[in-house]
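To start, the structure itself, in structure tokens.
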Amino acid sequence: MPPSPATLTADPVTTALAPGHDRPGAGATLLGAHHAGYGADLAGHLAYHGQLPLPRAGDTGWPERLAECVEASGLTGRGGAGFPSSTKLRSVGVAGGTLVVNAMEGEPASTKDKALLSCAPHLVLDGAQLTASAMSAARIVVCVADDDHHSARMISYAMAERSGTAASPVATTVARPPAAYVAGEESALVSWLDGGPGVPTFRPVKGMPLSARRRRALVHNAETLAHVALIARHGPGTFRSTGSADAPGTTLVTITGGVARPGVYEIPLGARLEHVIARARPTDAVQAVLTGGFGGSWLPAAALGTPYAPKPMAAAGGVLGAGVLVVLPRNACGITETARVAHYMAGQSAGQCGPCVFGLPALARDLSDVADGTADGTTLRRLDERLTAVSGRGACRHPDGVARMVHSALTVFAGDVATHVRGTPCAHRARPSMLPPQTACRRGPA
Amino acid sequence: MTSITVDPVACAAYGYCAELLPELVTLDEWGYPVVDGAPVAPTLVALARRAAIACPRRAFLVDESPDQAGRGRARSPAGR
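Read top to bottom, the protein sequences are chains X and R.
With our numbering as the guide, the letters of the first sequence map in order to residues 1 to 446.
With our numbering as the guide, the letters of the second sequence map in order to residues 1001 to 1080.
Set out below in structure tokens:
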């Protein structure tokens, strides 16, 4: 019995567009069909979006036309790196290789891959088929973490619905790599698909091509592929009709923490951060927001006017990352919460690189000392040195993310740090964490 | 252009590289080597090669790519 799409409307997923961003022609969004009441099955998908424009046999100009269409749309990868998608579409040498769809949802605070695979699995598959066809890839592998049974059921059902039809020219399978923070890193994913341990691999040259079964493997984020499907159908103009000129289109964000309606929201890029988090109804005055995820960066309440797009967010000291926004209300301690996240992230190290294995627990202990009021100026200086010591020293960017997050906490919560260093422990350290339950989170592979 | 890289997965903090090449390698508080990725001075290239051969984990990589952009494949002279 397939999961009933009707049950999905209970998800805390709301309509796409923030007030003031609703423009004509902005209907073709990732979750538009879901909000319009269309089912997540193939019939509902086709009724809302229409047939998938796949190439006719022998149409050699089609891959470049698709790349031009995506280039005109200005789509960038939604996995965190923000790489122009058209450049990746034009990658050569993937013929006969593997297109890997990354729906691993490694960020504990994120549920956007789950929302996408539940509400629009066929959009993800459409995007994968288009991209794989353009690159002449031999197979598509959709990666869903081994603890995310609902998403795996939804995508498997969607694949079964279209198997043997024209909408499924490239063979597609589902893989279930181990659920762990770093398992979704692209080299870890490809390593696992190639029979390896599923941990990040060291690449001496940045961006060195990955391969599985001795063929090239290219990893795409699930959300990016779903956007490709929309752009191929509705054109780059529709995509650009939302978002800002610099950062067109919509994106999925997971809003959690001190909010009444946590969940996944589709928002236009460039919307002001305060409008974005207002969708989830903060329960109290906002003190700060953790942007990007557990390897992201804290932004103070003063920065809530920042447009949610890569460039302005970077200028303000934030990141888009995995599209996570954790709201910290005014009566919580940012240092205590950051220490909790740092301890969790230390436990999520793949255990391969010394600076990560030893550095992250050391950072977390230093932060706990600060929150407990047992730290002094020496601790802060050591913390600063350790932040430098772990950055850029791993095979993947896990330690860099933690260092960035801790560094931003020391800046944004500088007032709290000064109080705690004078010997006053954090008054809120005993209260339950505002962040998603970390004890219930997945264990690392090591 | 010659540069040095450490494979952080292979490295097990033996520290031989810092012993043999203190001009370019320092150790962090946990004993793992820190290198800055800058071009290696011609007078130190031979020492860098020796440090690479001495590494029991083959984690110390000397990249002697002729390519100015430094985009060549990193390799250790021991031919890992």
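Here a beta-carbon is modelled for each residue, glycine too, at the ideal position from N, C-alpha and C.
Everything numeric in this text was worked out from a predicted model, so none of it was measured.
Asked, Found
"Given a cut-off of 8 Å, decide if valine 406 (chain X) and valine 387 (chain X) are closer than it, judged by their beta-carbon atoms.", "In the sequence as displayed, the identity of residue 387 (chain X) is leucine instead of valine. Result yes, Cβ atoms of leucine 387 (chain X) and valine 406 (chain X) sit closer than 8 Å."
"Strictly below 8 Å CB to CB, what residues from chain R border glutamine 352 (chain X)?", "Pro1008, Val1009"
"Quick one: which chain R residues come within Cβ less than 8 Å of phenylalanine 202 (chain X)?", "Asp1007, Pro1008, Val1009, Ala1010"
"When you compare only the Cα positions, how much space is there between arginine 1058 (chain R) and arginine 176 (chain X)?", "33 Å"
"Measuring only the C-alpha atoms, how far is aspartate 1007 (chain R) from tyrosine 265 (chain X)?", "40 Å"
"Opposite leucine 1027 (chain R) in the DSSP bridges: which residues?", "R:Pro1033"
"Pull out every residue of the segment 1039-1062 of chain R whose Cβ sits closer than 7 Å to any Cβ of chain X, in chain order.", "Leu1061"
"Given that alanine 1013 (chain R) touches chain X, what residues does it touch there, using C-beta distances under 8 Å?", "Gly354"
"Which residue spans inside the segment 148-192 of chain X form an unbroken beta strand (DSSP E) run of at least 3?", "171-175"
"Going by Cα to Cα distance, which pick from X:Cys119, X:Ala389, X:Gly257, X:Asp113 is closest to leucine 42 (chain X)?", "X:Cys119"
"Ignore the nearest five residues each way along the sequence and tell me which others in serine 168 (chain X)'s own chain have a CB closer than 6 Å to its CB.", "Arg162"
"Does chain R have any CB closer than 8 Å to the CB of alanine 389 (chain X)?", "yes"
"Alpha carbon to alpha carbon, how far is valine 228 (chain X) from histidine 34 (chain X)? Give it in angstroms, no decimals.", "18 Å"
"Please list the partners that aspartate 1036 (chain R) has in chain X, where partner means a Cβ-to-Cβ separation under 8 Å.", "Within chain X, no residue comes near aspartate 1036 (chain R); the closest Cβ sits about 10 Å away, beyond 8 Å."
"Under 8 Å between C-beta atoms, does arginine 213 (chain X) make it to chain R?", "no"
"Taking only beta-carbon positions, decide if glutamate 1019 (chain R) is within less than 8 Å of chain X.", "no"
"Between the Cα of glutamate 1023 (chain R) and those of R:Ala1010, R:Val1035, R:Thr1002, spot the shortest distance and give me the residue it belongs to.", "R:Val1035"
"Counting pairs of beta carbons, one from the segment 351-363 of chain X and one from the segment 374-391 of chain X, are three or more of them closer than 8 Å?", "yes"
"Closer than 6 Å by C-beta to arginine 23 (chain X): which residues in its own chain qualify, once you throw out the five before and the five after it? Chain order, please.", "Residue placement at arginine 23 (chain X) cannot be trusted, given a pLDDT of 34 that sits under 50; what the coordinates show is reported in the next sentence. So the qualifying residues of the chain are Ser241."
"Measure the CB-CB distance between glycine 258 (chain X) and proline 282 (chain X) and report whether it falls below 8 Å.", "yes"
"If you drop the 5 nearest sequence neighbours on each side, which residues of the same chain put their C-beta closer than 8 Å to that of proline 200 (chain X)?", "Val182, Glu185, Ser187, Ala188, Ser191, Ala350, Gln352, Gly394, Ala395, Cys396, His398"
"Would you check whether the ligand ADP has a heavy atom nearer than 7 Å to the C-beta of glycine 184 (chain X)?", "This structure lacks the ligand ADP; in fact it carries no ligand of any kind."
"By the three-class DSSP mapping on this structure, what secondary structure does aspartate 22 (chain X) have?", "For aspartate 22 (chain X), the predicted structure reports a pLDDT of 33, less than 50, and the residue's modelled location is therefore unreliable. The matter cannot be settled from this model."
"Scan the segment 392-414 of chain X for residues whose Cβ lies nearer than 7 Å to a Cβ of chain R and list them as they occur along the chain.", "Arg393, Gly394, Ala395"
"Is leucine 269 (chain X) near glycine 249 (chain X), with beta carbons less than 8 Å apart?", "yes"
"To the nearest angstrom, report how far apart aspartate 59 (chain X) and isoleucine 155 (chain X) are at their CA atoms.", "29 Å"
"Under the DSSP definition of a beta bridge, which residues are partnered with glutamate 266 (chain X)?", "X:Leu252"
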